[in-house]
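In this note's numbering, the protein residues as written are 546 to 749.
Every residue, glycine too, gets a C-beta built ideally from N, C-alpha and C.
On a predicted model such as this, the values are computed, not experimentally measured, just so you know.
Data block below; observations after.
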(Lines of atoms letter the chains of each structure in order from A and count residues from 1; the text may use other names and numbers.)
(Lines give C-alpha, C1' and ligand atoms only; values in the text may rest on other atoms or scores of the structure.)
Protein backbone atom coordinates (compact mmCIF):
# COMPACT_ATOMS: atom_id res chain seq x y z
CA UNK A 1 0.00 0.00 0.00
CA UNK A 2 2.78 2.46 0.91
CA UNK A 3 4.32 2.02 -2.55
CA UNK A 4 1.03 3.19 -4.12
CA UNK A 5 1.00 6.19 -1.79
CA UNK A 6 4.55 7.10 -2.78
CA UNK A 7 3.64 6.82 -6.46
CA UNK A 8 0.80 9.28 -5.87
CA UNK A 9 3.29 11.54 -4.06
CA UNK A 10 5.54 11.62 -7.12
CA UNK A 11 2.60 12.51 -9.37
CA UNK A 12 1.55 15.18 -6.87
CA UNK A 13 5.03 16.74 -6.90
CA UNK A 14 5.23 16.77 -10.70
CA UNK A 15 1.80 18.30 -11.29
CA UNK A 16 2.04 20.91 -8.52
CA UNK A 17 5.41 22.06 -9.86
CA UNK A 18 3.83 22.58 -13.28
CA UNK A 19 0.88 24.43 -11.73
CA UNK A 20 3.18 26.73 -9.74
CA UNK A 21 5.07 27.64 -12.90
CA UNK A 22 1.86 28.35 -14.81
CA UNK A 23 0.34 30.41 -11.98
CA UNK A 24 3.41 32.67 -12.13
CA UNK A 25 2.83 33.22 -15.87
CA UNK A 26 -0.89 33.99 -15.72
CA UNK A 27 -0.63 37.69 -14.63
CA UNK A 28 1.73 38.37 -17.54
CA UNK A 29 -0.83 37.26 -20.13
CA UNK A 30 -4.13 38.63 -21.39
CA UNK A 31 -6.97 37.71 -23.70
CA UNK A 32 -7.36 34.21 -25.12
CA UNK A 33 -3.84 33.16 -24.14
CA UNK A 34 -4.57 33.89 -20.48
CA UNK A 35 -7.97 32.19 -20.66
CA UNK A 36 -6.47 29.00 -22.06
CA UNK A 37 -3.75 28.89 -19.41
CA UNK A 38 -6.32 29.46 -16.64
CA UNK A 39 -8.43 26.57 -17.97
CA UNK A 40 -5.35 24.36 -18.14
CA UNK A 41 -4.38 25.12 -14.54
CA UNK A 42 -7.96 24.56 -13.37
CA UNK A 43 -7.92 21.12 -15.00
CA UNK A 44 -4.60 20.23 -13.37
CA UNK A 45 -5.90 21.35 -9.96
CA UNK A 46 -8.78 18.92 -10.37
CA UNK A 47 -6.25 16.16 -11.09
CA UNK A 48 -4.45 17.09 -7.86
CA UNK A 49 -7.73 16.89 -5.92
CA UNK A 50 -8.28 13.38 -7.30
CA UNK A 51 -4.73 12.43 -6.32
CA UNK A 52 -5.36 13.62 -2.76
CA UNK A 53 -8.54 11.55 -2.61
CA UNK A 54 -6.62 8.47 -3.75
CA UNK A 55 -3.89 9.15 -1.21
CA UNK A 56 -6.53 9.49 1.52
CA UNK A 57 -7.97 6.10 0.56
CA UNK A 58 -4.50 4.53 0.59
CA UNK A 59 -3.76 5.89 4.08
CA UNK A 60 -6.89 4.21 5.42
CA UNK A 61 -5.56 0.85 4.21
CA UNK A 62 -2.10 1.30 5.77
CA UNK A 63 -1.48 -0.61 9.06
CA UNK A 64 -2.38 1.57 12.02
CA UNK A 65 1.18 1.59 13.42
CA UNK A 66 2.43 3.37 10.26
CA UNK A 67 -0.66 5.44 9.53
CA UNK A 68 0.30 8.51 11.60
CA UNK A 69 3.36 9.23 9.46
CA UNK A 70 1.38 9.05 6.22
CA UNK A 71 -1.44 11.13 7.68
CA UNK A 72 1.09 13.85 8.48
CA UNK A 73 2.43 13.81 4.93
CA UNK A 74 -1.07 13.88 3.50
CA UNK A 75 -1.98 16.86 5.69
CA UNK A 76 1.01 18.83 4.38
CA UNK A 77 -0.03 18.04 0.79
CA UNK A 78 -3.55 19.28 1.49
CA UNK A 79 -2.12 22.50 2.91
CA UNK A 80 0.02 22.90 -0.20
CA UNK A 81 -3.10 22.37 -2.31
CA UNK A 82 -4.94 25.11 -0.42
CA UNK A 83 -2.04 27.51 -1.02
CA UNK A 84 -2.02 26.68 -4.73
CA UNK A 85 -5.76 27.38 -4.99
CA UNK A 86 -5.33 30.76 -3.25
CA UNK A 87 -2.37 31.67 -5.49
CA UNK A 88 -4.35 30.62 -8.55
CA UNK A 89 -7.30 32.79 -7.51
CA UNK A 90 -5.04 35.80 -7.01
CA UNK A 91 -3.24 35.22 -10.31
CA UNK A 92 -6.51 35.29 -12.26
CA UNK A 93 -7.33 38.80 -11.08
CA UNK A 94 -3.76 40.13 -11.13
CA UNK A 95 -2.05 41.96 -13.99
CA UNK A 96 1.57 42.78 -14.55
CA UNK A 97 2.48 46.45 -15.08
CA UNK A 98 2.97 45.77 -18.78
CA UNK A 99 -0.47 44.19 -19.23
CA UNK A 100 -2.15 46.87 -17.07
CA UNK A 101 -0.70 49.65 -19.20
CA UNK A 102 -1.72 47.80 -22.35
CA UNK A 103 -5.29 47.50 -21.09
CA UNK A 104 -5.67 51.01 -19.69
CA UNK A 105 -3.27 53.04 -21.82
CA UNK A 106 -2.58 56.64 -20.67
CA UNK A 107 -5.44 56.51 -18.19
CA UNK A 108 -3.77 53.77 -16.11
CA UNK A 109 -3.04 55.98 -13.12
CA UNK A 110 -6.49 57.61 -13.06
CA UNK A 111 -8.23 54.25 -13.42
CA UNK A 112 -6.33 52.52 -10.61
CA UNK A 113 -9.25 52.81 -8.17
CA UNK A 114 -11.62 51.30 -10.75
CA UNK A 115 -9.21 48.46 -11.33
CA UNK A 116 -9.00 47.76 -7.59
CA UNK A 117 -12.78 47.74 -7.38
CA UNK A 118 -12.93 45.41 -10.36
CA UNK A 119 -10.44 43.07 -8.67
CA UNK A 120 -12.52 43.01 -5.52
CA UNK A 121 -15.70 42.24 -7.48
CA UNK A 122 -13.97 39.47 -9.42
CA UNK A 123 -12.49 38.02 -6.23
CA UNK A 124 -15.97 38.02 -4.69
CA UNK A 125 -17.40 36.27 -7.76
CA UNK A 126 -14.60 33.72 -7.72
CA UNK A 127 -15.19 33.03 -4.04
CA UNK A 128 -18.89 32.46 -4.71
CA UNK A 129 -18.07 30.22 -7.67
CA UNK A 130 -15.70 28.11 -5.59
CA UNK A 131 -18.30 27.83 -2.82
CA UNK A 132 -20.86 26.64 -5.36
CA UNK A 133 -18.38 24.11 -6.75
CA UNK A 134 -17.63 22.77 -3.27
CA UNK A 135 -21.35 22.56 -2.48
CA UNK A 136 -21.93 20.75 -5.76
CA UNK A 137 -19.19 18.22 -4.98
CA UNK A 138 -20.65 17.66 -1.51
CA UNK A 139 -24.12 17.13 -3.00
CA UNK A 140 -22.73 14.65 -5.52
CA UNK A 141 -20.94 12.78 -2.74
CA UNK A 142 -24.12 12.76 -0.63
CA UNK A 143 -26.16 11.49 -3.56
CA UNK A 144 -23.64 8.70 -4.17
CA UNK A 145 -23.80 7.68 -0.50
CA UNK A 146 -27.61 7.68 -0.67
CA UNK A 147 -27.54 5.46 -3.77
CA UNK A 148 -25.08 3.05 -2.16
CA UNK A 149 -27.16 2.99 1.04
CA UNK A 150 -30.28 2.19 -0.96
CA UNK A 151 -28.46 -0.64 -2.74
CA UNK A 152 -27.28 -2.07 0.58
CA UNK A 153 -30.82 -1.79 1.95
CA UNK A 154 -32.21 -3.65 -1.05
CA UNK A 155 -29.63 -6.40 -0.61
CA UNK A 156 -30.50 -6.72 3.09
CA UNK A 157 -34.22 -6.92 2.30
CA UNK A 158 -33.50 -9.56 -0.33
CA UNK A 159 -31.46 -11.58 2.16
CA UNK A 160 -34.18 -11.27 4.81
CA UNK A 161 -36.81 -12.47 2.34
CA UNK A 162 -34.61 -15.43 1.40
CA UNK A 163 -33.97 -16.25 5.07
CA UNK A 164 -37.70 -16.10 5.84
CA UNK A 165 -38.42 -18.57 3.04
CA UNK A 166 -35.72 -20.91 4.38
CA UNK A 167 -37.19 -20.70 7.90
CA UNK A 168 -40.67 -21.42 6.59
CA UNK A 169 -39.41 -24.46 4.65
CA UNK A 170 -37.56 -25.67 7.77
CA UNK A 171 -40.77 -25.35 9.82
CA UNK A 172 -42.70 -27.33 7.23
CA UNK A 173 -40.08 -30.09 7.27
CA UNK A 174 -40.20 -30.07 11.08
CA UNK A 175 -43.98 -30.47 11.04
CA UNK A 176 -43.66 -33.34 8.54
CA UNK A 177 -41.00 -34.95 10.72
CA UNK A 178 -43.23 -34.61 13.80
CA UNK A 179 -46.11 -36.17 11.90
CA UNK A 180 -43.91 -39.04 10.70
CA UNK A 181 -42.60 -39.57 14.24
CA UNK A 182 -46.18 -39.70 15.51
CA UNK A 183 -47.09 -42.32 12.93
CA UNK A 184 -43.95 -44.32 13.72
CA UNK A 185 -44.74 -44.15 17.43
CA UNK A 186 -48.26 -45.47 16.88
CA UNK A 187 -46.97 -48.27 14.65
CA UNK A 188 -44.34 -49.28 17.22
CA UNK A 189 -46.97 -49.20 19.98
CA UNK A 190 -49.22 -51.46 17.89
CA UNK A 191 -46.38 -53.87 17.23
CA UNK A 192 -45.52 -54.00 20.93
CA UNK A 193 -49.15 -54.69 21.80
CA UNK A 194 -49.28 -57.52 19.27
CA UNK A 195 -46.06 -59.03 20.60
CA UNK A 196 -47.38 -58.90 24.17
CA UNK A 197 -50.63 -60.48 23.08
CA UNK A 198 -48.78 -63.20 21.21
CA UNK A 199 -46.56 -63.93 24.19
CA UNK A 200 -49.56 -64.09 26.54
CA UNK A 201 -51.38 -66.46 24.23
CA UNK A 202 -48.36 -68.77 24.07
CA UNK A 203 -47.96 -68.69 27.80
CA UNK A 204 -51.58 -69.74 28.31
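Enumerate in chain order the residues of its own chain whose CB-to-CB distance from residue 633 is below 7 Å, with the five nearest sequence positions on each side excluded.
568, 586, 590
How would you label residue 629, buried or exposed, when you count the other beta carbons within 10 angstroms and need 16 or more for buried?
buried
Buried or exposed by the 16-neighbour rule on C-beta atoms within 10 Å, applied to residue 571
If you draw a 10 Å sphere on the C-beta of residue 571, you find 16 or more other C-beta atoms in it, and that means buried.
Taking all protein chains shown into account, do 16 or more other C-beta atoms lie within 10 angstroms of the C-beta of residue 604, making it buried, or fewer, making it exposed?
Around the beta carbon of residue 604, a 10 Å sphere encloses 16 or more other beta carbons of the protein chains shown; the residue is thus reported as buried.
Are there 16 or more other CB atoms within 10 angstroms of the CB of residue 550, so buried, or fewer, so exposed?
With 16 or more Cβ atoms within 10 Å of its Cβ, residue 550 is classed as buried.
To the nearest angstrom, how far is the alpha carbon of residue 734 from that of residue 712?
32 Å
Using a 10 Å radius around the Cβ and a threshold of 16 neighbouring Cβ atoms, would you call residue 593 buried or exposed?
buried
Contact set for residue 671: own chain, Cβ-Cβ below 8 Å, skip 5 residues either direction:
634, 637, 638
Between residue 600 and residue 619, which are expected to be in contact by the criterion C-beta below 8 Å, what is the C-beta distance as a whole number of angstroms?
Their Cβ separation, rounded to whole angstroms, is 5 Å, which keeps residue 600 and residue 619 in contact under 8 Å.
Under a three-way DSSP split, which group does residue 619 fall into?
Of the three classes helix, strand and coil, the one that applies to residue 619 here is helix, per DSSP.
For a test of the three-state rule: what should DSSP assign to residue 572, helix, strand or coil?
helix
One question on the structure: do residue 623 and residue 597 come within less than 8 Å of each other, judged by their Cβ atoms?
In contact: residue 623 and residue 597 (Cβ atoms closer than 8 Å).
Exposed or buried, residue 606, counting other C-beta atoms within 10 Å across all chains shown (16 or more means buried)?
Residue 606 is exposed by the Cβ-count criterion.
Going by the beta-carbon positions, is the gap between residue 625 and residue 561 smaller than 8 Å?
At the C-beta level, residue 625 and residue 561 come within 8 Å of one another.
Mapping the DSSP letters down to three states, classify residue 639 as helix, strand or coil.
coil
Alpha carbon to alpha carbon, what distance is there between residue 709 and residue 699?
15 Å
Quick one: Cα of residue 703 to Cα of residue 576, how far?
59 Å
Exposure of residue 557, with buried meaning 16 or more beta-carbon neighbours within 10 Å
buried
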